[in-house]
Amino acid sequence: MVDKEDILRRAAKSVIEADQEEAERVAREAVEAGIDPFLVINEGFSKGMAEAGELFERGELYLPHLIVASEGMVSAVNILEAAMPHKEEKKVGVAVIGTIEGDIHDIGKGIVATMLRVYGFEVHDLGRDVPLKSFVETAKKVNADIIGSSALMTTTMTGQKILEQELKNAGLRDKVKTMVGGAVVTQRWANKIGADAYAENAIEAIAKARELLD
Ligand code: HCB
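If you want it as structure tokens, here you go:
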């Protein structure tokens, strides 16, 4: 019998220890045991990544370790995402999502994109290091209802502010809602730059995106 708490603990540990094989094993075991894939991502792998980030900040863990840890988390998340059921049959809205230019962090953005898909959004994921003009052009092209931007660094969060202005310049700001997120981003930042919503995690992102479209 697979113990849920044990799975969550092992998921976090596999990221901290940058053990890709164990990360994939834990993900597969979680799927086989029917444990909510999102719970495993949020309460297991993401917690491990947050702890790895703290160790990195304190100089107790180095960048190459973080890179391997990220690869392990990405493959585990892929296994879990493939097991997520589709919750909505009807299309809820059109979302454009990406990580702001200059920023290559894309794990969290990827999770938000998947969750939006699971909850019925048509998602256009532009990837990472995305030029601001691509957000604007894609939003126009696909007639987006919402743009979700992700920034993990203080140097790139300013791009979210410029994006607000670029959308105004393109005459799109009244037609599209904006949502911001990423480790360094806060509700205060969202208010300051005039974004429509801030989401701390993927679950909140779904709730906020739905609220904005209502
Ligand atoms: Co990176 N890194 N990193 N990093 N990194 C951070 C972000 C620091 C905070 C670590 C630190 O110093 N404490 C720091 C930024 C400092 C700052 O500006 N304040 C940092 C740095 C400095 C760097 C480099 C510059 C390091 C270097 O080269 N010297 C470099 C970046 C180069 C660049 O981008 N140009 C770098 C590189 C890396 C990797 C490659 C090793 C790896 C990224 C791999 C990848 O993404 N493919 C990495 C990682 C993994 C991290 C940490 C440890 C974890 C980030 C992560 O994936 N978290 C991070 C420390 C931290 O965040 N505490 C560290 C897990 C996900 C699930 O959480 O917050 O990203 P999330 O997403 C959540 C949430 O925010 C929300 O929902 C998601 C799911 O729940 N959300 C949204 C996210 N986007 C949203 C968008 C929306 O619209 C709505 C909600």
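Residues in the sequence shown are numbered consecutively from 371, following this note's numbering.
C-beta: ideal position from N, C-alpha, C; glycine also.
None of these values were measured; they are calculated from a predicted model.
**OP:** May I ask you to report which of helix, strand or coil DSSP gives residue 523?
**Re:** If DSSP states are grouped into helix, strand and coil, residue 523 belongs with coil.
**OP:** Throw me the rounded Cβ distance for the residue 467 and residue 483 pair, which I believe falls under 8 Å.
**Re:** The C-beta distance from residue 467 to residue 483 rounds to 5 Å, short enough to meet the 8 Å contact threshold.
Original post:
With distances taken between CB atoms, is the gap from residue 530 to residue 550 smaller than 8 Å?
Top reply: Closer than 8 Å, so yes.
Original post:
Beta carbon of residue 526, beta carbon of residue 472: below 8 Å?
Top reply: In contact: residue 526 and residue 472 (Cβ atoms closer than 8 Å).
**OP:** Kindly indicate which three-state DSSP category residue 403 falls into: helix, strand or coil?
**Re:** If DSSP states are grouped into helix, strand and coil, residue 403 belongs with coil.
Subject >> Selected residue, minimal CA-CA separation from residue 389, among 428, 377, 441 and 411 >> reply: The shortest Cα separation from residue 389 among 428, 377, 441 and 411 belongs to 441.
Original post:
Can you find a heavy atom of the ligand HCB that lies under 7 Å from the Cβ of residue 418?
Top reply: With a threshold of 7 Å, the Cβ atom of residue 418 does not count as near the ligand HCB, since no heavy atom of the ligand is closer than that.
Subject >> Backbone secondary structure at residue 503 - three-state DSSP >> reply: Correct three-state label for residue 503: helix.
Original post:
Is residue 515 near the ligand HCB, with its Cβ less than 7 Å from a heavy atom?
Top reply: No - the ligand HCB has no heavy atom lying nearer than 7 Å to the Cβ of residue 515.
**OP:** Jot down the residue ranges of each uninterrupted alpha helix (DSSP H) in the segment 417–496, minimum 4 residues, whole runs only, in chain order.
**Re:** Positions of the alpha helix (DSSP H) runs, each at least 4 residues long and wholly inside the segment 417–496, are given as 433–452 and 477–488 in order along the chain.
Subject >> Cβ pair count under 8 Å reaching 3, the segment 446–456 against the segment 391–408 >> reply: These segments touch.
Subject >> Which residues DSSP lists as bridging residue 550, in chain order >> reply: Under the DSSP definition of a beta bridge, residue 550 partners with 519 and 568.
Original post:
Can at least three beta-carbon pairs, one atom from the segment 410–421 and one from the segment 371–381, be found at a separation below 8 Å?
Top reply: Cβ pair count under 8 Å is three or more, so yes.
**OP:** Could you work out which residue in 384, 476 and 465 is closest to residue 435 when comparing CA atoms only?
**Re:** Closest option to residue 435, Cα to Cα, is 384.
Original post:
Any chance the CB of residue 570 is under 7 Å from a heavy atom of the ligand HCB?
Top reply: Because some heavy atom of the ligand HCB lies under 7 Å away, the Cβ of residue 570 counts as near it: yes.
Subject >> Cα-Cα separation, residue 555 to residue 520 >> reply: Distance between the alpha carbons of residue 555 and residue 520: 8 Å.
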